[in-house]
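Residue numbers (the UniProt record's numbering): 1 to 450.
See below:
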């Protein structure tokens, strides 16, 4: 096992990784920007190094500076967390060049799965179902219109690179598609440096269900069941749960086996997630692969009892998996909500100083956060400030436990999306398991807030 690990991230995920490293007796190295000098991950790490100014391009995305710090601190490995450099193949290659272990898959695998077009092509070869669509780049509105005509409307216009819903647009006719094409292309190029676009058939009222994988460097691979992540706003997940209230055992098994088949085909090692769209008839289609730790990994940890970060560290250190598929248990139900510093009606970020902050405690409640009273939420980073997870013996008890905790959650000085989360969990459709990706557009009614 490693003696020292650098965490190339910030916020709650850095704190969460530090916690597991401490459990394993691994020393931790934090990096931080000027805006994060007082952050909790800086306080908790054994060592901390300033790497630049607040903007991510000048700090958390500065590959050479992070490598420099890792070498100076004599870190044997780097954990990238999620977001930022976690799916950057150039960063993984630089780690390899410097003899530093990148806690994740190989750079070529990251690159292949980072291009959604290449990922589609690969999964098709692997025999994994993919959404009907085109697996080549569309260079103009005319090409897009021709592709859409062959598929049939509605279609989803998508960027090949990046994520977070950027560059995505549902087009229900040719005029809509043509109007959206150039804007989506420019937006993708601006955010990801790649304006490559493609089209898939838009599946009405789908569910977004993903399979968590663990694979080692010795040919072993298991799935840790599924997470349902269908409650989204602007294609960003808001509520995640495990297991899915929609799947039956046969579909669950088939999805898990398809995910393992995909991982084996590409020679995957470490933790990863295969995301699927599932239609109303329980047909499932490959959406994308996340070659990193997911934000929502705690719900899987809660129902399986497996510390996924610990397994990442062990796999990266060369150890074989400690589990066979039949060892992966499923106990109870867990639900996670993402707490954002944002206006719950407009979804606009709400940066500012947190005047007061306290979280409820109780049986089955887990918190992941890096904020405290007096901390300033800056406009430079993602507005997610915390996650709260509730586990119950069944879905109903998990919902009730989480609702009660949300009502006791205290954040003053900034706006948060807690009113939206309470509304979702209280809604009869959510309680009935009707958790399709259009849930918020169908049921969320903005209300006036102070």
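Here a beta-carbon is modelled for each residue, glycine too, at the ideal position from N, C-alpha and C.
Model, not experiment: these values are computed from the prediction.
| Item | Value |
| --- | --- |
| Cβ-based burial, residue 348 [other Cβ within 10 Å; buried from 16] | exposed |
| Residues of its chain near residue 304, where Cβ-Cβ distance is below 8 angstroms and the 5 sequence neighbours each way are ignored | 224, 225, 328, 329, 330, 331 |
| Exposure label - residue 302; buried when at least 16 CB within 10 Å | buried |
| Unbroken alpha helix (DSSP H) run spanning residue 407, endpoints | 395–408 |
| Distance between beta carbons of residue 194 and residue 321, contact taken as under 8 angstroms | So it is not a contact: roughly 34 angstroms between Cβ atoms. |
| Exposure of residue 160, with buried meaning 16 or more beta-carbon neighbours within 10 Å | buried |
| DSSP-derived helix/strand/coil call for residue 74 | coil |
| Whole-angstrom distance between residue 97 and residue 281, CA atom to CA atom | 48 angstroms |
| Extent of the continuous beta strand (DSSP E) to which residue 208 belongs | 207–215 |
| Beta carbon of residue 134 nearer than 8 angstroms to that of residue 199 | yes |
| The beta strand (DSSP E) enclosing residue 284, as first and last residue numbers | 284–290 |
| Sequence ranges, beta strand (DSSP E) only - wholly within the segment 67–115, length at least 3 | 77–79 |
| Proximity of residue 364 and residue 338 at Cβ, strictly below 8 angstroms | no |
| Proximity to residue 416 [Cα-Cα], best of 430, 197, 25, 386 | 386 |
| Nearest to residue 22 (by Cα), restricted to the options 37, 11, 1, 64 | 1 |
| Inter-residue spacing [alpha-carbon to alpha-carbon] between residue 272 and residue 104 | 8 angstroms |
| Alpha-carbon spacing of residue 430 relative to residue 64, whole angstroms | 46 angstroms |
| Among 146, 4, 49, 20, the one whose alpha carbon lies nearest that of residue 78 | 4 |
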